[in-house]
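Only one structure is covered here, and it is reproduced in the block below.
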Amino acid sequence: MGFLKWPFKDKRNQQMEQDLDQLKIVPDHVAIIMDGNGRWANKRGLPRFAGHKEGMDNIKRIVKLANGYGIKVLTLYAFSTENWKRPKQEVDYLMMLPKEFLDTYLPELIEENVQIKTIGHFEDLPKHTKQAVQHAIDRTQDNTGLILNIALNYGSRSELVETVKSITADVKANHISVEDINEAMISDRLFTARLPEPDLLIRTSGEIRLSNFLLWQLAYTEFWFTDVHWPAFNEKEFKQALLAYQQRKRRYGGLEA
Ligand code: FPP
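Under our numbering, the first residue of the sequence shown is numbered 340, with each subsequent residue one higher.
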């Protein structure tokens, strides 16, 4: 019940209180494809990195809102296994952002009881990125508020390949038999093991695709697409997505109750 921690003091927070009245069904897990940093910057005649910087600052704003709404897990697609194909300068900048984000915001995140986790091929990240993120993971591991789950060097297909390899190795070593393989076993070997599956996926900036994000985990997730670029995705937009979510009838392939 993260939203009970919200300090209902100033005008903005009164608005939040009204919003929470409207939000009767809050998704436990929201996943976001934060697209459009480059286009946001381009529209303003700024270099792409300025869009990424503003996108980074927006993460903090959205984390605070998500925590206030009582969302339990927020998974953010920050860097995909395909993003290494971008120019080196941009990759270097993106790899520097987690440290900048944490240097700036970790004390506030700790104060807000946020727990930081990551999914993705962590070992292949630059040392300075790993150090900053590992420090934040260690520092927040006992926090009980929102889980901020950052997808860093994440790709769903490679995640599934790794899972297949690990199950095959266990079969080969006679630790399990082929008959033991089931959906739960696969879920338990993904980066997202021990996290609930996303209830709501948001993608900003107008593209209607998944871009190799959580392909297994999104099987029954509700989708929300908006044309707004990530740095401009604000409280109003977020609330709109959450209100749309609560209108959805989730049937998981069955019939309505
Ligand atoms: C997609 O926009 C965005 C990314 C590839 C990077 C997202 C990263 C952040 C929002 C900041 C990360 C910060 C932390 C703390 C992890 P794009 O560059 O593809 O935009 P475009 O499609 O308009 O060019």
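Just so you know, even glycine gets a beta-carbon here, dropped at the ideal spot from N, CA and C.
Within 7 Å, strictly: CB atoms of residue 405 and residue 485: yes
Distance, Cα to Cα, residue 579 vs residue 537? 18 Å
Stretch-stretch touch, CB-based, cutoff 8 Å, three pairs: the region 545-553 with the region 362-377: yes
Fully enclosed by the region 374-436, which beta strand (DSSP E) runs are 3 residues long or longer? 412-419
Heavy atom of the ligand FPP within 6 Å of residue 310 beta-carbon: Any property of residue 310 remains undetermined from this structure, which presents the chain solely from 340 to 596.
So, using beta-carbon positions, are residue 415 and residue 489 closer together than 7 Å? yes
Contact test: residue 378 Cβ vs the ligand FPP heavy atom, cutoff 6 Å: yes
Between residue 581 and the ligand FPP, is the CB less than 6 Å from at least one heavy atom? no
With a threshold of 7 Å on Cβ separation, who are the neighbours of residue 590 within its own chain once the five nearest residues in sequence on each side are excluded? none
Would you list, in sequence order, the uninterrupted alpha helix (DSSP H) runs of no fewer than 4 residues that lie entirely inside the region 444-498? 466-479
I'd like the list of long-range same chain contacts for residue 526, defined as Cβ closer than 7 Å, with 5 residues on each side in sequence excluded. 532
Please determine, among 459, 442 and 364, the residue with the shortest C-alpha to C-alpha distance to residue 410. 364
Using only CA atoms, which one of 438, 412, 433 and 462 lies nearest to residue 454? 412
Quick one: grab the DSSP three-state call for residue 347. The predicted model places residue 347 with a pLDDT of 38, which falls under 50 and marks its position as unreliable; any figure quoted below should be read in that light. Residue state, collapsed to three classes: coil.
Note down the Cα distance separating residue 401 from residue 500, rounded to an integer number of angstroms. If I take the Cα positions, the gap works out to 32 Å.
Leaving aside the five residues before and after residue 349 along the sequence, list all residues of the same chain whose C-beta is less than 7 Å from its C-beta, in chain order. Per-residue confidence for residue 349 stands at a pLDDT of 48, beneath the threshold of 50, marking its modelled position as unreliable; the derived number appears in the next sentence. The answer is none, since no qualifying residue turns up.
Compare the C-alpha of residue 581 against each of 476, 570 and 562 and name the closest. 562
May I ask you to check if the CB of residue 410 is nearer than 6 Å to at least one heavy atom of the ligand FPP? no
Reduced DSSP category for residue 569 - H, G, I as helix; E, B as strand; rest coil: helix
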